[in-house]
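Data block below; observations after.
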């Protein structure tokens, strides 16, 4: 029994994205626990095969296409899957078609990339769904955020795809309400990577020097002035260090997979914020999923505008000051916090209010830990049931 699983995986240009890899990692491990083998769809097949120890195939060829070309590409691929047209010789999608020949199911692993700001992912995911439908292969969407920004075309593509899916799992109430408004049955779950500590076992041992304050930031400010935003974040982190104590640790969730490489991605943001701070700080380089999970769970406080540090930390009862830049990041961060009894994210553009919220969060630390501990058994049980059902559907 083989599942073709698509996520946003594959290290390109030496840059590792912890959250994208974590969701795929969790899904592959959950399915393997239930006796299903996985073939992955990757941007870097050799790298992903080495990382996960599974066969992989290249993506469907939508990267770099404008919308008219993407529409034509989608039609070609669906026709090829149904046998009414042949792919040109040498087309990378031949490997996807071959994988579908042997697949008992298709899984869209978790992700927040199905929004109009990333049309390539919408075309890719909806086209693969239609290809599977042409072959009579069941499809599952797991741990998704849809929208909130969707134009008419993209919403139509997603509604059509979800109408044919056997199971649809989403990770926050806003997305659940949206999908229900489309007339699709949906199950609300925590993010797929919420229990990677369990799936990884001893590989995710806590670091020797746990952070007092862990900081993980992205460079997305939704059009705000970069210098102003980063000065505000520096003040927030200085306040946190004074209240919670050190060490203050910066950890990039999108950064070089080589620890010896110079800062890039989120690391460049971190260096500018560190330079604006009065408090000493250290950097833990981007490593692998296991080390990121362990680091987040060991902190006394997390400050993050990235989503997956929150997903890793909140189940362990770590208090989180999440910084949202726009509606999209607010939906995701608010969903991750709400599952574990923590409050709404702060506004990235309002550092004064964020510093007030910081003090409230620290004061609530005992209640935060208690809420996470109380919710953990039910969330884990629901996640186990979800993957049991996914394996039943996709295992044929």
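Numbering (this note's numbering), first residue to last: 230 to 625.
Built from N, CA and C at the ideal position, the CB exists for glycine as well.
Small disclaimer: the values here were computed from a predicted structure and weren't measured.
I believe residue i touches residue j by the beta-carbon criterion, under 8 angstroms. Please report the beta-carbon distance rounded to the nearest angstrom.
i	j	result
residue 591	residue 472	5 angstroms
residue 486	residue 245	4 angstroms
residue 423	residue 540	6 angstroms
residue 324	residue 287	6 angstroms
residue 538	residue 482	6 angstroms
residue 210	residue 554	In the structure displayed, the chain extends from 230 to 625; residue 210 sits before or after that span and is not available.
residue 401	residue 563	7 angstroms
residue 620	residue 306	That pair is no contact at about 27 angstroms.
residue 251	residue 425	6 angstroms
residue 565	residue 576	Contact flag wrong, Cβ pair sits at about 17 angstroms.
residue 283	residue 329	With a Cβ gap of about 16 angstroms, residue 283 and residue 329 do not count as contacting.
residue 256	residue 421	6 angstroms
residue 428	residue 258	4 angstroms
residue 413	residue 560	Not really, about 18 angstroms apart at Cβ, beyond 8 angstroms.
Within the same chain, show all residues whose beta-carbon is closer than 7 angstroms to that of residue i, passing over the 5 residues directly before and after it, in chain order.
i	result
residue 357	235, 289 and 335
residue 469	442, 530, 532 and 587
residue 273	239, 240 and 241
residue 615	398, 416 and 418
residue 314	305 and 308
residue 243	485, 486, 487 and 490
residue 451	554 and 555
residue 494	244, 481, 483 and 484
residue 303	352 and 356
residue 650	Here the chain has residues from 230 to 625 only, and residue 650 is not among them.
residue 296	348
residue 506	463, 466 and 467
Quick one: what's got a C-beta closer than 8 angstroms to residue i's C-beta in the same chain, skipping five residues either side?
i	result
residue 320	290
residue 408	375, 391, 397, 399 and 415
residue 378	344, 345, 346, 556 and 557
residue 432	Confidence is the limiting factor: at residue 432 the pLDDT is only 49, short of 50, which leaves the residue's position unreliable, though a coordinate-based value still follows. Here the set comprises 519.
residue 249	236, 237, 238 and 340
Looking at the unbroken alpha helix (DSSP H) that takes in residue i, where does it start and where does it end?
i	result
residue 542	537-542
residue 617	594-623
residue 468	455-473
residue 385	381-393
residue 252	247-262
residue 407	402-410
residue 650	In this structure the chain extends from 230 to 625, so residue 650 is not present and cannot be described.
residue 277	274-281
residue 550	No alpha helix (DSSP H) holds residue 550; the beta strand (DSSP E) holding it covers 549-553.
residue 563	556-568
residue 530	Counting along the chain, residue 530 falls outside any alpha helix (DSSP H), though it belongs to the beta strand (DSSP E) covering 530-533.
Starting from the C-beta of residue i, find all residues in its chain whose C-beta is less than 6 angstroms away, skip the five residues before and the five after it, and write them out in chain order.
i	result
residue 608	419
residue 514	488
residue 478	440, 443, 511 and 513
residue 285	269, 271, 274, 277 and 278
residue 617	none
residue 508	467, 470 and 477
residue 318	none
residue 210	As shown, the chain starts at 230 and ends at 625. That puts residue 210 outside it, with no answer to give.
residue 475	441
residue 598	546
residue 613	none
residue 492	500
residue 449	554
Could you spell out where the beta strand (DSSP E) holding residue i opens and where it closes?
i	result
residue 644	This structure cannot settle anything about residue 644, because the visible part of the chain is limited to 230 through 625.
residue 426	Not the beta strand (DSSP E): residue 426 falls in the alpha helix (DSSP H), residues 425-429.
residue 520	From DSSP, residue 520 is part of no beta strand (DSSP E) but of the alpha helix (DSSP H) over 518-527.
residue 271	266-271
residue 234	231-238
residue 485	483-485
residue 372	368-375
residue 419	Residue 419 -> no beta strand (DSSP E), and no H or E assigned at all.
residue 545	Per DSSP, residue 545 belongs to no beta strand (DSSP E) and is neither H nor E.
residue 287	285-287
residue 398	396-399
residue 479	477-480
Say the cut is 8 angstroms; is the CB of residue i nearer than that to a heavy atom of the ligand MG?
i	result
residue 270	Absence of the ligand MG is noted for the structure shown, with no ligands found whatsoever.
query: Would you say the stretch 564-575 touches the stretch 381-393, given that touching needs at least three Cβ pairs under 8 angstroms?
result: no
message: With three or more beta-carbon pairs closer than 8 angstroms as the criterion, would you say the stretch 367-383 touches the stretch 338-348?
response: yes
message: In chain order, what are the residue ranges of uninterrupted alpha helix (DSSP H) at least 4 long that sit wholly in the stretch 304-366?
response: 322-331 and 348-364
query: Below 8 angstroms, can you find three or more Cβ-Cβ pairs linking the stretch 349-365 to the stretch 310-328?
result: yes
task: Mind the definition here: the stretch 593-613 touches the stretch 535-550 only if three or more C-beta pairs lie below 8 angstroms; say whether that holds.
output: yes
task: Could you tell me whether the stretch 453-461 touches the stretch 520-529, using the rule of 3 or more Cβ pairs below 8 angstroms?
output: no
task: Count the C-beta pairs between the stretch 326-335 and the stretch 611-625 that are closer than 8 angstroms, then say yes if the count reaches three, no if not.
output: yes
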